[in-house]
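Colleague: Here it is, the structure in full.
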Amino acid sequence: MKVSIITATYNSASTILDTIKSIESQSYESIEYIIVDGNSSDDTIELIQKNCTKVSTFIIEKDKGIYDALNKGLAVATGDIVGFLHSDDLFASENSISNLVSAFENDSDAIYADLEYVQKSDTNKVVRLWKSGVFNISKINNGWMPPHPTFYMRTSLYKKYGSFNLDYKIAADYDSLLRYLWVNKVQVSYLPEVLIKMRVGGASNRSLKNIYQKSLEDIKALKSNKVPVFKAFIIKNISKIPQFIFK
Numbered sequence: 001m002k003v004s005i006i007t008a009t010y011n012s013a014s015t016i017l018d019t020i021k022s023i024e025s026q027s028y029e030s031i032e033y034i035i036v037d038g039n040s041s042d043d044t045i046e047l048i049q050k051n052c053t054k055v056s057t058f059i060i061e062k063d064k065g066i067y068d069a070l071n072k073g074l075a076v077a078t079g080d081i082v083g084f085l086h087s088d089d090l091f092a093s094e095n096s097i098s099n100l101v102s103a104f105e106n107d108s109d110a111i112y113a114d115l116e117y118v119q120k121s122d123t124n125k126v127v128r129l130w131k132s133g134v135f136n137i138s139k140i141n142n143g144w145m146p147p148h149p150t151f152y153m154r155t156s157l158y159k160k161y162g163s164f165n166l167d168y169k170i171a172a173d174y175d176s177l178l179r180y181l182w183v184n185k186v187q188v189s190y191l192p193e194v195l196i197k198m199r200v201g202g203a204s205n206r207s208l209k210n211i212y213q214k215s216l217e218d219i220k221a222l223k224s225n226k227v228p229v230f231k232a233f234i235i236k237n238i239s240k241i242p243q244f245i246f247k
């Protein structure tokens, strides 16, 4: 099984080497690594060219934001399954992709796992643990979603059900998960281990303005995908609190 992994970069020089090392250290060999850079003005491009031996496709051109860049990656992906490794994220272990592929052997169309939020300066220090739990479609009514960076799906289903909707600037990942899991009932399974380490300070929680924008887009995504809005939106945000307590 070939695994396509897509990384979108833009002025990511401070973190991209860690991401590259994470890819390079994977024990699983059949990886198609796609990097889409938005024409960075720092050292990102040079660092990738000098240090990444596993890159299969490297696109360098201006884009309309991260979801546009990820869509470009999806358009050229040729793997059996595809997922995303952001330019400040890491795989939790060298066997992450190998374990993920093994999980697909139960004939699932998609797999998700757990995620650790870690400090920017020290990725060994966990700030928050997102323990996803076993999937049940009724959970979506209660605001549940899997952590998108851990979500891998068969490439054919991205072509069938569509990629990211660029009308969303922050919550296109949430909209896509609702479309796949709620609307189209993609068969998904849970891999009970931490797959990804994500540095804190992403776009959705970088400022109060972004949090407000994310909330508006979450509501829009719920309405668009015909999920009962009030209950799902409230519980979705409250459910994050235990992730800080039980990290």
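Numbering (the working numbering), first residue to last: 1 to 247.
Glycine included, C-beta positions come from ideal geometry on N, C-alpha and C.
Just so it is clear, the structure is predicted and the values come from calculations on it, not from any experiment.
(1) In chain order, which continuous runs of the beta strand (DSSP E) of length 3 or greater are located wholly inside the segment 85-124?
(2) Using only CA atoms, which one of 3, 182, 157 and 191 lies nearest to residue 109?
(3) Excluding five sequence neighbours on each side, which residues of the same chain lie with their C-beta closer than 7 Å to the C-beta of residue 155?
(4) Can you check the segment 52-88 for any alpha helix (DSSP H) of at least 4 residues that lies completely inside it and give the ranges in chain order?
(5) Please list, in chain order, all residues of the same chain as residue 12 whose beta carbon is under 6 Å from its beta carbon, the five residues on each side excluded.
(6) From what residue to what residue does the alpha helix (DSSP H) around residue 31 run?
(7) Using C-beta distances below 7 Å, list every residue in its chain close to residue 68, excluding the 5 sequence neighbours before and after it, in chain order.
(8) I need the boundaries of the beta strand (DSSP E) containing residue 9, first residue and last residue.
(9) If you draw a straight line from the alpha carbon of residue 104 to that of residue 225, how long is it in whole angstroms?
(10) DSSP on residue 212, reduced to helix/strand/coil?
(11) Return the bridge partner residues of residue 129 from the DSSP annotation.
(12) Assuming residue 221 contacts residue 175 (C-beta within less than 8 Å), just tell me the rounded distance between them.
(13) So, helix, strand or coil for residue 229, using DSSP?
(14) Among the candidates 192, 170 and 218, whose CA atom is the shortest distance from the CA of residue 260?
(15) Could you please give me the residues that DSSP links to residue 197 through a beta bridge?
(16) Spell out the partners DSSP gives residue 189 in its beta bridges.
(17) Assuming contact is defined by CB atoms lying nearer than 7 Å, are residue 197 and residue 90 in contact in what I supplied?
(18) So, with DSSP's three-state summary, where would you put residue 174?
(19) Which residue from 151, 193, 187 and 23 puts its Cα closest to that of residue 173?
(20) Under three-state DSSP, which class holds residue 256?
Modeller: In short:
(1) 89-91 and 110-118
(2) 157
(3) 4, 77, 79, 80, 81 and 82
(4) 66-76
(5) 44 and 87
(6) Taken as a continuous stretch (DSSP letters only), residue 31 belongs to no alpha helix (DSSP H), being part of the beta strand (DSSP E) at 31-37.
(7) 166
(8) 3-9
(9) 26 Å
(10) helix
(11) 116
(12) 4 Å
(13) helix
(14) For the chain, the structure presents residues 1 to 247; residue 260 sits outside this window and is missing.
(15) 90 and 116
(16) 111
(17) yes
(18) helix
(19) 151
(20) Lying outside 1 to 247, the shown extent of the chain, residue 256 is not represented and no answer is given.
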